[in-house]
Every structure is written in C-alpha cells, then in structure tokens.
Amino acid sequence: MNVTFITSAPFFRRLPAYRWGADVYGHPDTITGPLILGGIVKKAGHDVEAYEELNGSFDYDRLIRRTDVLCLYTMTSNAPRAYEIADRFKREGHARIIIGGLHASALPEEALQHADQVMIGEGENSILDCVEGRNTDKIVHAKPVCNLDEVPFPDYSILKTPCEAADVLTSRGCPFRCSFCTTTRMFHPYRQRSIDSVIAEIRHYKEMGFEYMNFQDDNFTANKERAKEICKRMVDEGLVFKQTFFFGRTDIANYPDLLDALAAAHCTRILIGIESLNQDALNDINKHQTIDDIERAGKACRDHGIELIASIVLGIDEDGIDDLKRSTDFAKSIDAYQLQPAVLTPFPGTPVYDRFKKEGRMILDGSEHQVSDWEAFDMMNATFQPKKMSPWGLQSAFCTMARRFYTRRSAIHIGVLYGSEYGWRRWGLALMAQWGTIATQLAGVIGKGSTYWRVKHAPWMFENDPENVAVRAKRPTLLGKMKDTAIEVSKDLQPETMRENIQRTSKRVEHDLWVARRRRETQRKEAQRPDPYANVPKRSMPSENSLIPLKILGVTEVALPILLVGHLIRKHAE
215 MNVTFITSAP
225 FFRRLPAYRW
235 GADVYGHPDT
245 ITGPLILGGI
255 VKKAGHDVEA
265 YEELNGSFDY
275 DRLIRRTDVL
285 CLYTMTSNAP
295 RAYEIADRFK
305 REGHARIIIG
315 GLHASALPEE
325 ALQHADQVMI
335 GEGENSILDC
345 VEGRNTDKIV
355 HAKPVCNLDE
365 VPFPDYSILK
375 TPCEAADVLT
385 SRGCPFRCSF
395 CTTTRMFHPY
405 RQRSIDSVIA
415 EIRHYKEMGF
425 EYMNFQDDNF
435 TANKERAKEI
445 CKRMVDEGLV
455 FKQTFFFGRT
465 DIANYPDLLD
475 ALAAAHCTRI
485 LIGIESLNQD
495 ALNDINKHQT
505 IDDIERAGKA
515 CRDHGIELIA
525 SIVLGIDEDG
535 IDDLKRSTDF
545 AKSIDAYQLQ
555 PAVLTPFPGT
565 PVYDRFKKEG
575 RMILDGSEHQ
585 VSDWEAFDMM
595 NATFQPKKMS
605 PWGLQSAFCT
615 MARRFYTRRS
625 AIHIGVLYGS
635 EYGWRRWGLA
645 LMAQWGTIAT
655 QLAGVIGKGS
665 TYWRVKHAPW
675 MFENDPENVA
685 VRAKRPTLLG
695 KMKDTAIEVS
705 KDLQPETMRE
715 NIQRTSKRVE
725 HDLWVARRRR
735 ETQRKEAQRP
745 DPYANVPKRS
755 MPSENSLIPL
765 KILGVTEVAL
775 PILLVGHLIR
785 KHAE
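First residue of the sequence shown: 215, per our numbering; consecutive thereafter.
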C-alpha cells in the first residue's frame with residue numbers, strides 16, 4: 215500500500231521569497247510527528263513518502279496517482295491548505311484521507327468534512343489500525359503514549375523535501391499552562407523520555423551526518439538536572455553539533471552551572487518567551503514570571519555566549535502601545551540575536567479562544583465565517599478585538615516592532631558580536647521587515663475583502679466603552695469622526711500640551727541644525743581631500759554598468775511588496 219504524509223503550508227509561506235526568509239531565520243527542519251507515524255507504517259511493510267510544503271515543492275499529479283492513503287497534519291494556519299489538498303485527492307484520485315494534528319484535534323467535525331477519518335491526539339497507537347482499515351471510526355480518539363521510550367525515532371529516510379537540522383523531542387507537553395498555548399490540549403500530561411533514549415537518538419542523527427540539531431521540547435530546561443545531564447553526555451560522548459537550538463524559560467538565569475553545560479554542548483541558541491514587560495499582562499496569561507526574571511535571563515544568556523531569540527506577544531489585554539515599544543527596546547538592549555514578535559492568536563481549543571468567543575471579540579473565525587480565515591491564525595495577524603488598541607493598531611504594531619528591531623545598523627552590530635554569517639542573516643531580516651510593512655499597509659488599503667482589509671475596517675468595540683463591556687461598537691459615523699477630531703484639537707490647545715509641543719519642536723529643530731552643521735563640515739572635508747582617481751585613466755573609472763546590480767536591488771525592494779500584494783489579492787479573488 216502506498217501511503218503519503220503531507221504537512222501543508224499556507225499560500226504565503228509557499229512563496230519562494232518566504233522560503234528564502236526561512237533560511238534567513240535558521241536552518242530548515244521538519245515536523246517530526248509525520249516522520250514518526252510514517253516510520254511505524256513503513257515498518258509494517260508499506261511504501262511511505264513524507265513531504266513538507268514549507269521546505270519545497272513537489273509533483274502533486276504523481277502523488278495523486280500513486281497514493282492509496284493520504285495522511286495530512288494540520289495546524290490552524292495550514293488547515294485551509296490541508297483541506298484543499300484533501301479535496302483534490304478525493305476529486306482526482308482514489309486515496310482514503312486521514313487528517314490529524316492540533317487543529318483537527320480541536321475541531322474534528324470541521325476536518326471531517328474533507329476527510330474519511332479524523333484522528334484526535336497522539337497517533338502512534340492508532341495510525342496503523344487506521345491505515346490498514348481495522349479502525350473505521352469517523353473520529354478516532356487516539357490513546358496517548360504512556361512510555362515515550364517506546365516511540366520509534368523519526369524516520370528521515372521517508373522525507374522527500376530538504377531538511378538541514380534534526381529535531382529531537384525529549385519530552386511531550388509542558389508543566390505550565392499559559393492561556394494562549396495549544397500544547398497542553400493535545401500533549402497532556404507532561405512526560406519525559408529517559409536520558410539513554412535521548413542520547414541514542416542524538417547519536418543516530420550524528421551518524422546520519424546532520425550538522426545542526428534542535429531540541430523541540432516546549433521547555434527543554436523544565437527539569438534542570440536532566441537537561442544538564444543530557445548536555446554533559448553529549449560532550450563526553452562526542453555528540454556535539456555545530457549549533458543546537460532549544461526552548462527555555464527565564465528561570466534559566468538561576469542556574470549558572472546549567473548555562474555552562476549548555477554552552478559546552480553548543481546549545482547556544484535559545485528562544486525564551488519574554489511575552490511582555492508589563493507584569494499585569496504576564497499575570498493575565500498565567501506566565502508565572504516577573505520583569506526581574508526577564509532582565510536576569512537576558513544578561514545571563516549574553517554572558518554565556520548563548521544567542522537569545524526574544525519572543526514577545528502583542529495584544530495581551532493589559533498591554534498598550536508603550537509596553538510594546540518598551541519590550542522592543544529591551545530586546546535590543548540585551549543584544550538579542552532575533553526578535554520574534556507574535557500577535558496574540560486565539561487558537562481553537564485554548565482558553566483564550568473560548569473567552570474571546572464568549573465575549574464576541576473574534577474578527578476572523580473560520581468556524582463561523584469562511585474557512586480561509588484560519589490562514590490568518592499564524593501569529594502575524596490581528597484576528598480579535600484588543601482592549602487597549604484598535605485591531606489595525608495591533609496589526610501595525612507588529613510590523614512597526616519588527617522594523618524597529620531589524621535595522622540595517624543592527625545587522626552590523628550583530629555581525630560584530632556573533633560573526634559575519636549572522637550579520638548577513640540580520641540584514642536579510644531587516645529587508646523582510648521593510649517589505650512586510652509595505653505589503654501589509656497596501657493590502658489593508660487596496661485589498662478589499664482580504665484579511666488585512668477586514669482587520670483595517672473592523673470597528674473597534676472598546677472605543678466608546680470605558681468599562682470594557684464586551685459589546686460590539688457601531689462603525690463610527692462621519693459626525694462622530696468630526697466630533698472626535700474636535701476633541702483632539704481642543705486637547706492640543708491646552709496650555710500644558712502646547713508647552714510640551716513647543717519643547718518637542720525646539721528639540722527637533724536643534725537636532726536638525728546639528729545634523730546640517732555636521733553635513734556641511736563633512737562636505738567641506740570631502741572637498742579638501744585629494745581625488746584618488748585624478749591620475750587614473752578614464753577606462754579604469756567605475757562604469758555605469760557596474761552600478762546596475764545595485765539599481766536592480768533598489769528597484770526590487772520597492773517592487774516586490776507591490777507584486778506580492780497583487781498576488782495575494784488575486785489569490786483571494788479566486
């Protein structure tokens with residue numbers, strides 16, 4: 215029997231530009247769940263192939279002809295694409311369709327409209343019965359794995375798309391319960407593998423020739439002694455990779471011996487959920503950390519040579535625009551290698567989704583509107599009504615935060631700290647931030663009916679509601695806008711406000727004068743400097759043709775976002 219596993223990707227993430235951007239972030243890896251399940255099916259004697267759309271394109275016509283059973287892994291943002299693939303296989307081929315993953319586990323009835331079977335939860339104990347037809351239930355409630363040491367290693371031999379980094383999962387679940395996280399719903403309770411089992415898998419990848427590795431646990435350092443022992447054995451047994459990435463928490467700063475062990479094992483890139491520098495916001499999402507914890511973690515990582523990826527959540531009810539700016543400035547102050555701003559996204563099955571649904575705060579919701587809305591649930595889009603800013607204000611804050619952090623000047627700074635490779639990566643991220651901002655703004659203006667357009671034109675339900683009662687506000691009328699404008703003008707005419715404006719203007723003028731003086735002085739020095747090309751023959755001077763690549767790059771920076779927006783609008787219209 216020919217069995218195919220596909221992890222789909224939303225339209226935007228299948229674009230070549232986004233795949234290039236993913237390379238800028240790091241080394242491409244793959245989701246291990248389908249490789250584990252595919253390995254189980256292959257061991258039973260079936261012909262198995264696995265594909266990851268995010269990492270490359272492949273021939274769907276060939277797969278439709280050969281596939282007897284199609285298994286699709288869904289997260290919320292890739293669910294519409296998974297449904298599209300399933301419908302095409304049903305229409306043009308003969309395959310049975312099995313859909314699983316986080317989104318299907320949260321909304322099985324929706325997934326069942328596009329599949330023969332939907333699997334809820336961890337699939338290791340149920341996948342073979344479903345593939346071979348012994349279990350014919352429409353909705354399969356898979357039993358969780360009790361002993362993780364019994365789970366086979368991911369089988370990379372079935373993977374047909376590029377992959378440069380091996381993923382190791384030493385535990386499942388998380389001992390914490392952040393209200394926006396999907397982990398505890400599908401991977402509960404928290405379980406750990408034995409250290410011997412983990413080391414055996416790491417050795418297997420080392421022998422395969424992988425140079426990079428990721429610990430994909432939601433919190434690799436949850437058990438400090440266990441993490442330290444794994445690192446120690448990696449060093450002692452010669453299982454150190456060029457670089458290993460892992461997820462951690464701010465409490466890592468309290469364990470300098472653990473930080474030493476991580477650095478020795480080349481576990482030198484960590485993603486920490488800073489989330490916010492507003493303590494009320496941290497309490498609102500059950501984060502169980504303080505501002506002091508965050509500051510100490512940033513310093514500890516820098517002191518031990520561990521590259522910090524600072525994850526910040528935008529749109530928490532207690533957060534305002536000033537809090538977001540403060541979080542960005544903090545990430546810059548600790549020399550964070552990357553900033554990962556993430557718009558708070560109410561994924562189905564999470565407490566925050568249930569609360570926002572109850573309060574009527576969802577702007578985009580595939581369960582009530584069009585299924586394609588789920589593509590916007592990628593932590594880069596405003597999908598709900600925030601409390602302290604408008605939906606479009608939240609969307610714009612995401613773009614502004616990325617552009618504020620990823621500057622070309624910061625690329626030079628990071629290149630000096632971590633090496634030229636990382637400087638070039640940072641420069642690429644700066645370009646992406648610039649293009650993304652332009653594309654988002656254009657889509658919000660001209661992409662009528664698109665996700666960005668709907669977010670931009672969504673009424674802000676809290677603007678006329680000082681008590682924060684969850685009642686949807688009516689769209690502002692022209693008279694209302696004129697009244698609001700008059701109020702703002704009257705505020706500007708207050709003596710204190712006028713004094714502040716005058717002081718601010720005078721400072722700006724002083725700065726502009728200083729810049730002008732520096733510019734004139736520089737021009738004067740340049741004029742006095744001897745021309746190095748004065749005695750060089752004419753043919754040796756830089757020709758106009760030599761500047762063409764730079765001109766092309768400049769035009770590309772402007773044209774690419776416009777072409778991308780046009781493509782998105784055309785795709786939406788189809």
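We put the CB at the ideal spot given by N, CA and C, even for glycine.
Coil, strand or helix - residue 605 by DSSP: To locate residue 605, count along the sequence shown from 1; it is residue 391. Residue state, collapsed to three classes: helix.
Could you spell out where the beta strand (DSSP E) holding residue 462 opens and where it closes? Position 248 of the sequence shown, counted from the start, is the residue given in the question as residue 462. Run containing residue 462: 457–462, per the beta strand (DSSP E) assignment.
Quick one: is residue 604 buried, meaning 16 or more other Cβ sit within 10 Å of its Cβ, or exposed? The sequence position of residue 604 within the sequence shown is 390, counting from 1. When all chains shown are included, residue 604 counts as buried.
Only counting the same chain, and skipping five residues up and downstream in sequence, which positions put a Cβ closer than 6 Å to that of residue 671? Position 457 of the sequence shown holds residue 671. Answer for residue 671: no residue qualifies.
Ignore the nearest five residues each way along the sequence and tell me which others in residue 359's own chain have a CB closer than 7 Å to its CB. Here residue 359 refers to the residue found at position 145 when the sequence shown is read from its first residue. The answer, listed in chain order, is 336, 338, 339, 365.
Given a cut-off of 7 Å, decide if residue 555 and residue 528 are closer than it, judged by their beta-carbon atoms. Numbered from 1 along the sequence shown, position 314 holds the residue referred to as residue 528. Numbered from 1 along the sequence shown, position 341 holds the residue referred to as residue 555. A contact, by the Cβ cut-off of 7 Å.
Under 8 Å by Cβ, that's how I've got residue 370 and residue 241 pegged, so tell me the actual separation to the nearest angstrom. One-based indexing of the sequence shown puts residue 370 at position 156. One-based indexing of the sequence shown puts residue 241 at position 27. About 14 Å; that fails the 8 Å criterion.
Buried or exposed: which applies to residue 574, given that a residue is buried once 16 or more other Cβ atoms fall within 10 Å of its Cβ? Taking the first residue of the sequence shown as 1, we reach residue 574 at position 360. That one is exposed.
Beta-ladder partner(s) of residue 576, from DSSP: Numbered from 1 along the sequence shown, position 362 holds the residue referred to as residue 576. According to DSSP, residue 576 bridges with 598.
DSSP beta-bridge partners for residue 356? The residue given as residue 356 occupies position 142 in the sequence shown. In the DSSP output, where bridge partners are listed per residue, residue 356 has none listed.
Could you compute how far the alpha carbon of residue 216 sits from the alpha carbon of residue 612? The count along the sequence shown starts at 1 and reaches residue 216 at position 2. The count along the sequence shown starts at 1 and reaches residue 612 at position 398. Looking at the two C-alpha atoms, the distance is approximately 44 Å.
Span of the beta strand (DSSP E), counted from its first residue to its last, around residue 485: Counting from one through the sequence shown, the residue named residue 485 turns up at place 271. Counting along the chain, the beta strand (DSSP E) containing residue 485 begins and ends at 483–489.
Suppose the cutoff is 6 Å on Cβ atoms and the five residues either side in sequence are ignored; what does the same chain contact list for residue 218 look like? On the sequence shown, residue 218 is found 4 positions in, with the first residue counted as 1. For residue 218, where only same-chain residues beyond five positions count, the Cβ hits under 6 Å are 263, 277, 281, 284.
The segment 287–295 touching the segment 308–317, judged by at least three CB pairs closer than 8 Å: yes
Whose C-alpha, out of 608, 512, 332, 491, is nearest the C-alpha of residue 504? If you number the sequence shown from 1, residue 504 lands on position 290. It is 491.
Through-space distance from residue 526 to residue 541, alpha-carbon basis: By 1-based counting over the sequence shown, the position of residue 541 is 327. By 1-based counting over the sequence shown, the position of residue 526 is 312. Taking the straight line joining both Cα atoms gives about 7 Å.
Which same chain residues, not among the five before or five after residue 456, have their C-beta less than 8 Å away from its C-beta? Translated into the one-based positions of the sequence shown, residue 456 becomes position 242. 425, 426, 480.
Three or more C-beta pairs under 8 Å: does that hold for the segment 383–391 against the segment 340–350? no
Quick check for students: name the residue ranges of the alpha helix (DSSP H) that lie wholly in the segment 307–342, counting only runs of 4 or more. 316–320, 322–326
Less than 7 Å between the beta carbons of residue 428 and residue 243, yes or no? Position 214 of the sequence shown, counted from the start, is the residue given in the question as residue 428. Position 29 of the sequence shown, counted from the start, is the residue given in the question as residue 243. Yes, Cβ-Cβ distance for residue 428 and residue 243 is below 7 Å.
According to DSSP, which residues form a beta bridge with residue 285? Here residue 285 refers to the residue found at position 71 of the sequence shown. DSSP, once it has assigned bridges, lists 219, 312 as partnering residue 285.
Cα separation between residue 746 and residue 642? Here residue 746 refers to the residue found at position 532 when the sequence shown is read from its first residue. Here residue 642 refers to the residue found at position 428 when the sequence shown is read from its first residue. Its pLDDT being 46, under 50, residue 746 is placed unreliably by the model, and the measurement read from it follows with that caveat. Computed Cα separation, rounded: 33 Å.
Closest residue to residue 373 among 297, 250, 443 (Cα-Cα distance): For this step, residue 373 is matched to residue 159 along the sequence shown. For the residues 297, 250, 443, the minimum Cα distance to residue 373 belongs to 250.
Among the residues of its own chain, which have a CB less than 6 Å from the CB of residue 357, if the five just before and after it don't count? Residue numbering aside, residue 357 sits at position 143 when the sequence shown is read from its first letter. Same-chain partners within the cutoff: 339.
Assuming residue 362 and residue 405 make a contact with CB atoms under 8 Å, what is their CB distance in whole Å? Stepping through the sequence shown from its first residue, residue 362 is reached at position 148. Stepping through the sequence shown from its first residue, residue 405 is reached at position 191. So it is a contact: roughly 6 Å between Cβ atoms.
Taking only the alpha-carbon atoms, compute the straight-line gap between residue 656 and residue 667 and give it to the nearest angstrom. As a first step, residue 656 is located in the sequence shown; it is residue number 442 there, counting from the start. As a first step, residue 667 is located in the sequence shown; it is residue number 453 there, counting from the start. Going by the C-alpha atoms only, they are around 9 Å apart.
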